[in-house]
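A.B. asks:
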Amino acid sequence: MTVRASFDDGKTWPTSLSLYSGNSAYSDLAVLGNKTVACLYEKDSFISFANFKVSDFLLGQDLPKGSPQPKP
Numbered sequence: 020m021t022v023r024a025s026f027d028d029g030k031t032w033p034t035s036l037s038l039y040s041g042n043s044a045y046s047d048l049a050v051l052g053n054k055t056v057a058c059l060y061e062k063d064s065f066i067s068f069a070n071f072k073v074s075d076f077l078l079g080q081d082l083p084k085g086s087p088q089p090k091p
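Residue numbers (this note's numbering): 20 to 91.
1) Roughly how many angstroms separate the alpha carbons of D47 and C58, rounded to a whole number?
2) Check whether the Cβ atoms of A44 and W32 lie closer than 8 Å to each other.
3) What are the boundary residues of the alpha helix (DSSP H) that includes F65?
4) Which term fits T34, buried or exposed, when burial requires 16 or more other beta carbons within 10 angstroms of its beta carbon?
5) Quick one: using the 10 Å Cβ neighbour count with 16 as the cut-off for buried, is L77 buried or exposed?
6) Check whether the Cβ atoms of T55 and F71 sit closer than 8 Å, and answer yes or no.
7) DSSP puts S43 in a beta bridge; with which residues?
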């Protein structure tokens with residue numbers, strides 16, 4: 020299960036975060052009020068939950084010029 024971000028309407032996907040490398044499916048993302056992203060997904064026939072801070076996901080990535088910069 021990999022989460023990716025695009026800043027140019029899906030033309031490129033410069034950032035990614037691997038949540039799980041095995042079999043996975045049926046994911047749903049939600050942005051929480053504390054700048055955290057929650058992901059609910061199926062992992063090896065079980066429902067799993069993962070969360071991560073938006074700034075951790077974007078930090079250190081080569082973002083396109085003019086993209087919003089993360090705040091740690």
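Beta carbons: idealized from backbone N, C-alpha and C, even for Gly. Since the model is a prediction, treat every value here as computed from it, not as a measurement.
C.D. replies: Checking against the coordinates, here is how it stands:
1) 6 Å
2) no
3) Careful: F65 lies outside any alpha helix (DSSP H), inside the beta strand (DSSP E) at 65 to 72.
4) buried
5) buried
6) yes
7) K62
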